[in-house]
Amino acid sequence: MTGLPALSSRIVPPRSKYSMSNLIHPDFSRSAKSMSGELSIQSLHKQYPLEKKRLNVLEDINLNILPGEFVSIVGPSGCGKSTILRLVVGLDADYQGRILLDGDPIKSTCTERGIVFQDHRLFPWMTVADNIGFALINRDVPAAEKRDIVARNIQRVNLGGFENAYPHQLSGGMAQRAAIARALVNEPKILLLDEPLGALDALTRLYLQAELQRIWIEHRSTMIMVTHDVEEALFLGDRVVVMQSNPGRIKRVVNVPLDHPRDRSSPVFHRLKDEILEDLIDTDSAAQAKRAKAEFYSLPRADVG
Amino acid sequence: METLWDFSAFAKRLKGFVLPVLLLLAWEVVSKKSHAYALAFVPLEAIASSLLEVVQSGSLFTNLIASLSTASTGLLIGGSVGLALGSLMALNQVADKFVGPVFHTVRQVPLLGWIPLIGLWFGNGLLAKTLVVCLASFYPMVLNTYEGLKNVEKNHLEVARVLGVSRWQTYRYIFIPSALPFIFTGIFHALAFSWISTVGSELLFTAGPGLGSLMQTAQMSARMDIVIVCVLSIGVTGLLMNVSFTRLSRHLLRWRVTR
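These protein sequences, in sequence, are chains A and B. Start counting at 1 in the first sequence, then tack on 8, and there's your number in this note's numbering. Start counting at 1 in the second sequence, then tack on 1, and there's your number in this note's numbering.
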């Protein structure tokens with residue numbers, strides 16, 4: 009266990025009744041690389057144009073995410089939580105403030121940042137292996153090695169045997185696993201998950217939550233997951249960022265002082281879940297009250313948000 | 002049980018032959034009515050013997066090959082230029098604004114309308130025929146390629162951006178495959194139009210070999226039997242092209258959800 013980085017001892021204190029040693033991948037060489045992947049979001053503002061006005065989507069977002077940390081973001085619809093991921097991955101450069109990955113500002117997309125969307129977005133004309141291999145298209149390695157990397161990543165998400173299947177032949181959960189493999193194949197410093205399990209049925213969700221955790225422990229990269237599901241956020245996240253809408257702001261950051269893998273029935277887990285749900289309902293009703301007030305005074309809605 | 006099923010499949014296939022057989026019977030009845038009728042509705046045995054005649058003399062084969070080569074040359078050139086122009090117009094707004102109006106005006110002119118001009122400029126030989134076929138396969142390719150490329154999913158383009166894929170790679174690996182169903186519809190139409198226009202142009206530009214020319218000559222010498230053999234060969238060849246392309250596209254588009 010001496011080869012483990014300090015990070016994992018934070019996640020798994022030695023007193024843990026769950027031994028993590030059997031969950032951690034023996035290939036520790038990767039963990040050295042994973043010590044990079046520190047994301048720093050500083051006074052981030054983002055506006056969308058809306059009927060000649062500018063709507064504040066994100067207001068003064070400050071967030072520091074440590075290398076190898078798993079951060080969940082929850083919040084009501086329209087609080088801009090997915091927008092944060094779009095900005096971090098580099099799909100949208102129109103914002104104020106600073107987003108730094110290991111100290112370097114993010115300007116555009118790059119394979120050191122991976123993303124998994126809610127819809128798997130696999131290319132229907134490519135097989136699973138080709139979809140995953142496509143992410144390596146500009147990597148300067150021989151074709152044989154690419155095939156090896158793809159095969160390893162297919163194993164990593166337990167899709168062995170489905171290499172040559174087309175996306176329409178897969179179930180929702182399998183397609184999402186293939187999408188995760190595509191995002192992981194470049195060993196990104198940071199993996200962004202935009203409600204990756206949102207469209208799946210409850211059972212598949214539970215299964216894939218455990219899978220995600222296993223992958224996170226093996227991969228040791230920074231991960232940020234946006235979700236609607238508070239329990240999911242708590243199950244996976246070292247911290248849970250609770251957001252509010254109109255404008256999108258961070259309301260609270262909750263530390264989750266529980267060991268991985270987590271026991272969903274533990275009292276602390278339940279208490280935190282209730283707290284966060286209360287926060288969310290609170291922001292929801294506050295926003296509703298604000299909206300009702302605005303309508304009462306017949307102000308244009310865009311003024312309040 | 003097995004044999005019963007086989008029989009029903011066979012019966013299903015047989016249905017396609019019912020109508021042709023009925024038509025042949027009707028034809029035979031009419032041709033037997035009188036000598037006057039037999040001039041227009043040549044008796045089946047006369048058709049069979051003249052089919053044998055043109056096959057043995059090799060003139061059917063020579064003319065068929067000539068027609069096929071005109072059709073495929075025109076399809077290849079017109080189709081590729083159509084694919085290129087359709088791509089350019091779909092992916093480049095400036096090009097769309099620049100070329101679009103001219104293209105949409107020109108394509109309103111029916112192919113037959115171009116015949117006098119093409120004849121004047123390029124004579125009545127192979128070049129003129131090929132040009133007509135080029136035009137015939139060009140239009141459907143431009144329109145379908147354009148439509149297909151415009152229909153590419155934004156989500157897929159975002160994935161390409163996230164993966165740091167170049168513009169050319171995006172075109173080659175995202176735009177083209179996702180537009181492939183449309184492009185294949187374009188090729189499918191282009192294929193049919195190229196064959197039709199080949200025969201049509203051979204009827205009008207009579208210099209050189211071709212099924213159309215053979216038909217024209219036969220008509221001049223009042224050989225209705227050979228005209229009918231030509232009509233049948235044109236139809237059967239077109240059908241074969243159609244069927245084989247459908248098979249090919251079904252194989253190449255096997256990634257699509259079968260509905």
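Built from N, CA and C at the ideal position, the CB exists for glycine as well.
Endpoints, alpha helix (DSSP H) assigned at residue i
i                : result
Val200 (chain B) : 177–205
Gly122 (chain A) : Note, Gly122 (chain A): premise wrong, no alpha helix (DSSP H); beta strand (DSSP E) at 121–124.
Phe139 (chain B) : 127–151
His53 (chain A)  : Note, His53 (chain A): premise wrong, no alpha helix (DSSP H); beta strand (DSSP E) at 47–58.
Met216 (chain B) : 212–221
Asp226 (chain B) : 225–253
Ile92 (chain A)  : 89–97
Gln112 (chain B) : Correcting the residue type first, residue 112 (chain B) is Leu in the shown sequence and not Gln. Unbroken alpha helix (DSSP H) run through Leu112 (chain B): 112–123.
Ala143 (chain A) : Where Ala143 (chain A) is concerned, there is no enclosing alpha helix (DSSP H), given that its DSSP letter is neither H nor E.
Met182 (chain A) : 180–192
Asp209 (chain A) : It is not in any alpha helix (DSSP H) - Asp209 (chain A) carries neither H nor E in the DSSP assignment.
Ser273 (chain A) : First-last for Ser273 (chain A): undefined, no H or E at that position.
Asp156 (chain A) : 151–164
Asn156 (chain B) : 155–163
Gln170 (chain B) : 168–171
Ala49 (chain B)  : 45–58
Residue i to residue j span [Cα, whole Å]
i                : j                : result
Leu109 (chain A) : Gly45 (chain A)  : 6 Å
Thr247 (chain B) : Pro132 (chain A) : 20 Å
Leu178 (chain A) : Asp287 (chain A) : 38 Å
Leu92 (chain B)  : Asn145 (chain B) : 14 Å
Gln104 (chain A) : Ile49 (chain A)  : 11 Å
Ser250 (chain B) : Ser229 (chain A) : 43 Å
His176 (chain A) : Gly59 (chain B)  : 51 Å
Ile32 (chain A)  : Asn263 (chain A) : Its pLDDT being 42, under 50, Ile32 (chain A) is placed unreliably in this model, and the value from its coordinates should be taken loosely. When rounded, the distance between both Cα atoms is 23 Å.
Gly149 (chain B) : Ala180 (chain B) : 4 Å
Thr238 (chain B) : Ala27 (chain B)  : 24 Å
Thr119 (chain A) : Arg173 (chain B) : 20 Å
Pro34 (chain A)  : His278 (chain A) : Confidence is the limiting factor: at Pro34 (chain A) the pLDDT is only 40, short of 50, which leaves the residue's position unreliable, though a coordinate-based value still follows. Rounded to the nearest angstrom, the two C-alpha atoms are 33 Å apart.
Ser9 (chain B)   : Val230 (chain B) : 33 Å
Gly75 (chain B)  : Asp156 (chain A) : 45 Å
Arg23 (chain A)  : Leu93 (chain A)  : With a pLDDT of 40 at Arg23 (chain A), under the threshold of 50, the modelled position of that residue is not reliable, and the figure given next carries that caveat. Cα to Cα, Arg23 (chain A) sits roughly 35 Å from Leu93 (chain A).
Arg185 (chain A) : Leu167 (chain A) : 8 Å
Leu61 (chain B)  : Leu24 (chain B)  : 24 Å
Arg255 (chain B) : His105 (chain B) : 33 Å
Asp314 (chain A) : Ser116 (chain A) : Missing from the structure shown is residue 314 (chain A); chain A here goes from 9 to 313 and no further.
Arg38 (chain A)  : Arg62 (chain A)  : Below a pLDDT of 50, predicted positions are generally treated as unreliable, and Arg38 (chain A), at 42, falls in that range; no measurement from the model is reported.
Ala151 (chain A) : His190 (chain B) : 38 Å
Arg129 (chain A) : Val276 (chain A) : 37 Å
Phe11 (chain B)  : Thr186 (chain B) : 30 Å
Ile258 (chain A) : His252 (chain B) : 52 Å
Phe170 (chain A) : Leu216 (chain A) : 17 Å
His53 (chain A)  : Pro113 (chain A) : 15 Å
Pro151 (chain B) : Gly88 (chain A)  : What sits at residue 151 (chain B) in the sequence shown is Lys, not Pro. For Lys151 (chain B) and Gly88 (chain A), the distance between alpha carbons rounds to 29 Å.
Phe168 (chain B) : Pro182 (chain B) : It is Arg, not Phe, that sits at residue 168 (chain B) in the sequence shown. Answer to the nearest angstrom: the Cα atoms are 21 Å apart.
Arg147 (chain A) : Ser85 (chain A)  : 37 Å
Lys13 (chain B)  : Ser90 (chain A)  : 55 Å
Where the beta strand (DSSP E) through residue i begins and ends
i                : result
Gly105 (chain A) : 104–109
Asp97 (chain B)  : Not the beta strand (DSSP E): Asp97 (chain B) falls in the alpha helix (DSSP H), residues 94–107.
Asp202 (chain A) : 198–202
For residue i, the residue or residues it bridges with in DSSP
i                : result
Gly256 (chain A) : A:Leu66
Phe78 (chain A)  : A:Met231
Lys61 (chain A)  : A:Leu58
Ile314 (chain A) : One cannot answer for residue 314 (chain A) here, as it falls past the ends of chain A, which runs 9 to 313.
Asn263 (chain A) : A:Arg247
Pro113 (chain A) : A:Leu108
Whole-Å CB distance - residue i paired with residue j, under 8 Å assumed
i                : j                : result
Ala143 (chain A) : Arg190 (chain A) : 5 Å
Met231 (chain A) : Ile81 (chain A)  : Actually they are not in contact, since the Cβ atoms of Met231 (chain A) and Ile81 (chain A) sit about 11 Å apart, beyond 8 Å.
Leu192 (chain A) : Gly98 (chain A)  : That belief does not hold up - the Cβ atoms of Leu192 (chain A) and Gly98 (chain A) are roughly 18 Å apart, past 8 Å.
Asn381 (chain A) : Ile140 (chain A) : Any question about residue 381 (chain A) goes unanswered here, given that chain A covers just 9 to 313.
Gln126 (chain A) : Pro204 (chain A) : 7 Å
Ile188 (chain A) : Val158 (chain A) : Actually they do not touch by this definition, with Cβ atoms about 14 Å apart.
Val249 (chain A) : Val79 (chain A)  : 6 Å
Minimum Cβ-Cβ distance from residue i to chain E less than 8 Å
i                : result
Ser179 (chain B) : The structure shown contains no chain E; its protein chains are A and B.
Spell out a yes or no on whether the stretch 41–59 of chain B and the stretch 191–199 of chain B are touching, meaning 3 or more CB-CB pairs, one atom from each, closer than 8 Å.
-> no
Looking at C-beta atoms only, is the number of pairs between the stretch 63–77 of chain B and the stretch 202–211 of chain B that lie closer than 8 Å three or more?
-> yes
At a cut of 8 Å, does the stretch 58–66 of chain A reach the stretch 195–209 of chain A through at least three beta carbon pairs?
-> no
Spell out a yes or no on whether the stretch 118–134 of chain B and the stretch 219–239 of chain B are touching, meaning 3 or more CB-CB pairs, one atom from each, closer than 8 Å.
-> no
Report yes or no: do three or more beta-carbon pairs, one from the stretch 266–274 of chain A and one from the stretch 237–250 of chain A, lie closer than 8 Å?
-> yes
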